[in-house]
Each structure stands twice: as C-alpha cells, then as structure tokens.
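Each remark here refers to the structure printed beneath this line.
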Amino acid sequence: MPPPEDATFDAQLGATNNNSEPKGILSSSQGYKVAIVGTASDPNNKFAGAGMTTSIWKPPVEDQQHSACRSKIQKGSDIIQVGWRVDPPLYGDHQPRRFIHFQAGNNQCFNTLCPGFIIMNSAIAVDMAYLEYSIPQVKVSKEETMFISRDPVGNWWLLNKLVSGLQRSLLTNIEWGGVVYSPSETSHLPAMGSGFWPNDNPAYLDATCRELQVVNGEGETIYVGEAIRYRDDADLYRVTNLSKDQHLILYGGPFHSF
C-alpha cells in the first residue's frame, strides 16, 4: 500500500482580468500527482457529504502504481473518499474498481478492510470490478454516480448501502478529479483518466466529473459555489472546469517518461 496521500493547497486568483478564476498552489506528497477541482479552503466549512457522476476508465499502470478518480472529503489529515481506481497492489489486477478509502493521520484502509465499515446490503460490492468502461475513440461514456454522506448520528454512508463509524466529525474541504501514484524509484508516471489531456483531441472522450453535490452540516444539499482548480504540473496532467455553474470537470493526461 502506498504512503498516505498528503497534499496542501493555497488558493490564489489567476490572471487579473474579467475571465480570471481561482487557481491553487499545490504541493503533493512524494509519488502523488493530482488534477482536481476543489472547494475554497476554509477551516469554518462544515461538510457532511459529497458526490459526483464520473466516467469510468482503464488507464494503464504498472504493478506498484495506481490511477484513480475520486470525490474526497477532508479535514487536515482526516480523509474519506469514494471513486474508482486501477490499483494492482491493492486488487491484484489491472481492472478499474469502485473503492472507498478512510485515512486518519498516518493510518489508512480501503473498502471492507476498514474495521469500522459495516455492510448493510450485500447486493452491492464495494470493490466491484467494472466490466464495462469508457474507451478512447469509442463515443460511449460509461458513468456511475457516487455519493458519500454523514447521518445525524455521525456515521458515513456510501451509496446508501454502507456505513462507517470511523469518522464522526464534519469535514472542511471537498475535491473532485484525478490522482495518480508512482514510487520514486520508477522512471515514469501512469496515465490519468482517459490518458489524454482535456480537449486534446475531439475524437477522444475526456475523463469527466459532473453533477457535483455537496451536503452541509445541516444535511442539506447545497450549491457547490466557487471551485478552485489544482494541479501539480500542467506538463503532466491537466484539469478544466468547463461550466462554472454546473462544474463540468475535464481532467487527465498521458503516460510520462523521465
């Protein structure tokens, strides 16, 4: 299992013109690269849920790497996330699979390996392999809606099927988009999303996150509001927020050698 992800963000305003948008300065932990859109950093935020509809892809990765898309809720080093990932070290194969992840400081776990996860409905497999997924140059996008929320007692529910008692508190930051990991000793980084930069070629489908949802501390679904683009390096992976109201996120990038 790779080390816990730890990224710090600082929001800035982009070019000072009428089309400016908030952009983030990002410092990811070693081995991780992201291309995401997130809520403005504010310690007074109180979030009790987040969701998205995301396209499913099968980016190529090597045995110690992973490539994923997720909706992530965070407060400091406390993290809950849901999405899909290609992760040979975790699953033993190269299939895209649904996942949930919990992190508290340096402690982390996935899926039903977490001791606080309770299966409420066995009909849904948390780590299910997607037999159908989006394919470049094939104009059919395979999507799934993923949502995680906190009930009044403090349990976190995934897709209304699974509950976790591991994280009781409300969280302060949300992000949506892509993340990859590669150990420092490797000479390349894996593909993210579709394996193409957003809008790189109209013949290909972009990896997307859309219909973003946020739940506030009172359990109400609210408008996402201002969202900030974060990326480590535009020469590696890119992210675009096409619709500032509905937040249609395009993200991704190709395999990179050094």
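According to the numbering used here, the sequence shown is numbered sequentially starting from 15. In this text, a Cβ means the ideal position worked out from N, Cα and C, and glycines have one as well. All of these numbers come straight from a predicted model, not from anything done at the bench.
If I measure Cβ to Cβ from residue 269 and keep anything under 8 Å in the same chain, skipping five residues before and after, which residues do I get?
Excluding residues within five positions, the ones whose Cβ falls inside 8 Å are 74, 202, 203, 204, 205 and 209.
Report all residues from its chain with a CB closer than 6 Å to the CB of residue 143; omit the five preceding and five following residues, and keep chain order.
So the list reads 109 and 111, once near-sequence residues are dropped.
Pairing CB atoms from the segment 76 to 85 with CB atoms from the segment 232 to 248, are three or more of them under 8 Å?
Contact between the segment 76 to 85 and the segment 232 to 248 is absent, because fewer than three Cβ pairs lie under 8 Å.
Quick one: Cα of residue 221 to Cα of residue 169, how far?
Approximately 31 Å between the Cα atoms of the pair.
At the level of alpha carbons, what is the spacing between residue 58 and residue 125?
Cα to Cα, residue 58 sits roughly 29 Å from residue 125.
Would you list the one or two residues that DSSP bridges to residue 160?
Answer is 66.
How many angstroms separate the CA atom of residue 158 from the CA atom of residue 150?
Using only the alpha carbons, I get a separation of about 18 Å.
Apart from the five residues just before and just after residue 183, which ones in its own chain have a Cβ nearer than 8 Å to its Cβ?
Correct list, in chain order: 89, 92 and 168.
Going by alpha carbons, who is nearest to residue 186 out of 79, 230 and 171?
It is 230.
Taking the alpha carbon of residue 65 as the point to measure from, which residue in 192, 131, 95 and 200 has its own alpha carbon closest?
Minimum Cα distance to residue 65 is reached at 95.
Give the DSSP bridge partners of residue 263, in chain order.
DSSP output for residue 263 lists 223 and 255 as bridge partner(s).
Using a 10 Å radius around the Cβ and a threshold of 16 neighbouring Cβ atoms, would you call residue 165 buried or exposed?
Under this definition residue 165 is an exposed residue.
Using the Cα positions of residue 232 and residue 141, report the straight-line distance between them to the nearest angstrom.
When rounded, the distance between both Cα atoms is 30 Å.
Which of the three DSSP states, helix, strand or coil, is assigned to residue 104?
Residue state, collapsed to three classes: helix.
Since residue 51 and residue 211 are thought to touch, with beta carbons under 8 Å apart, how far apart are those beta carbons, to the nearest angstrom?
Not confirmed; about 16 Å, so no contact.
For residue 102 and residue 78, what's the separation of their Cα atoms in angstroms?
Distance between the alpha carbons of residue 102 and residue 78: 7 Å.
Classify residue 196 as buried or exposed, calling it buried when 16 or more other Cβ atoms lie within 10 Å of its own Cβ.
With 16 or more Cβ atoms within 10 Å of its Cβ, residue 196 is classed as buried.
By Cβ distance below 8 Å, which residues in the same chain neighbour residue 153 in space, the five residues on each side in sequence not counted?
Hits under 8 Å: 219.
Under a Cβ-count criterion, where at least 16 other Cβ atoms within 10 Å of its own Cβ denotes burial, should residue 39 be classed as buried or exposed?
Only weak support is given to the placement of residue 39: the predicted model assigns it a pLDDT of 47, under 50, and the value that follows is read from those uncertain coordinates. Looking at its Cβ environment, which holds fewer than 16 other Cβ atoms inside 10 Å, residue 39 is exposed.
Enumerate, from N- to C-terminal direction, the unbroken beta strand (DSSP E) stretches of 3 or more residues contained entirely within the segment 75 to 102.
Counting whole runs of 3 or more residues, the segment 75 to 102 contains the beta strand (DSSP E) stretches 80 to 89 and 92 to 100.
Can you tell me whether residue 169 is helix, strand or coil according to DSSP?
DSSP places residue 169 in coil when its eight states are reduced to three.
Return the chain-ordered list of same chain residues with a C-beta closer than 6 Å to the C-beta of residue 262, the five sequence neighbours on each side being excluded.
Once the five neighbours on either side are set aside, the close Cβ partners of residue 262 are 224 and 256.
Sort 226, 271, 251 and 247 by Cα distance to residue 241 and report the nearest one.
Closest option to residue 241, Cα to Cα, is 226.
Would DSSP call residue 250 helix, strand or coil?
DSSP places residue 250 in coil when its eight states are reduced to three.
Look at the alpha carbon of residue 243 and the alpha carbon of residue 49, and state the distance between them as a whole number of angstroms.
Going from the Cα of residue 243 to the Cα of residue 49 covers about 8 Å.
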